[in-house]
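Enquirer:
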Amino acid sequence: MSKDELSAIYRDYLACLNAQDWHRLGRFVGDRVRHNGRQLGLPGYQAMLARDFQEIPDLRFDVQLLTSDPPLVASRLAFDCTPQGTFLGLPVNGKRVTFTENVFYRFDREKIDEVWSIIDKAAIEAQLR
Numbered sequence: 001m002s003k004d005e006l007s008a009i010y011r012d013y014l015a016c017l018n019a020q021d022w023h024r025l026g027r028f029v030g031d032r033v034r035h036n037g038r039q040l041g042l043p044g045y046q047a048m049l050a051r052d053f054q055e056i057p058d059l060r061f062d063v064q065l066l067t068s069d070p071p072l073v074a075s076r077l078a079f080d081c082t083p084q085g086t087f088l089g090l091p092v093n094g095k096r097v098t099f100t101e102n103v104f105y106r107f108d109r110e111k112i113d114e115v116w117s118i119i120d121k122a123a124i125e126a127q128l129r
């Protein structure tokens, strides 16, 4: 798979997330996917994402930076949203916040097999002061 092909698959994956098209998620995510070292499997990964959208109704994944070196993808995602209640242990309570996430993916047979994610919690904390 070429860099361009992998980048296109990744962008299609994000479109799937933004549409909350959970029936198509298995097209992009492997059955034994791991997230930050935890074995979630596809059902657990889908539940995590669905919960994110439930807690953040206006959640949207927007690519700021993207690079691929098969089988790896590195992306910086930008968010501008209003989490309800507590988010990352912070009392956001519907306040609009902006933050980024640096995330790395390992693909196996054109599906995400492992995800490593770091959210810029300090940016959110600064906006809540």
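Numbering-wise, the sequence shown is residues 1 to 129 according to UniProt numbering.
Cβ atoms here follow ideal geometry from the backbone N, Cα and C, with glycine treated the same way.
Provide the residue span of the alpha helix (DSSP H) that contains Asp113, from first to last.
Expert: No alpha helix (DSSP H) contains Asp113, which is instead part of the beta strand (DSSP E) from Lys111 to Ile119.
Enquirer: Given this structure, state the Cα-to-Cα distance separating Ala47 from Asp58, to the nearest angstrom.
Expert: Cα to Cα, the separation comes out at about 17 Å.
Enquirer: Give the single residue among Ile56, Glu125, Phe28 and Ala19 whose Cα lies nearest to the Cα of Tyr45.
Expert: Distances from the CA of Tyr45 to each of Ile56, Glu125, Phe28 and Ala19 were compared; the closest alpha carbon is that of Phe28.
Enquirer: Just to check my reading of the structure: Gln84 and Glu55 have Cβ atoms closer than 8 Å, yes? What is that Cβ distance to the nearest angstrom?
Expert: 6 Å
Enquirer: Contact defined as beta carbons within less than 8 Å: I believe Val103 pairs with Ser68. What is the distance between those atoms, to the nearest angstrom?
Expert: Contact flag wrong, Cβ pair sits at about 13 Å.
Enquirer: Select from Asn36, Asn93 and Gln64 the residue whose C-alpha is nearest the C-alpha of Leu14.
Expert: Gln64
Enquirer: Only counting runs of 3 or more residues, tell me where the beta strand (DSSP E) segments fall wholly within the stretch 37-94, in order along the chain.
Expert: 62-69 and 72-81
Enquirer: Closer than 6 Å by C-beta to Lys121: which residues in its own chain qualify, once you throw out the five before and the five after it? Chain order, please.
Expert: Leu88
Enquirer: Thinking just about the alpha-carbon of each residue, which of Ala126, Gly30 and Gly37 is nearest to the one in Thr98?
Expert: Ala126
Enquirer: Less than 8 Å between the C-beta atoms of Leu40 and Arg34, yes or no?
Expert: yes
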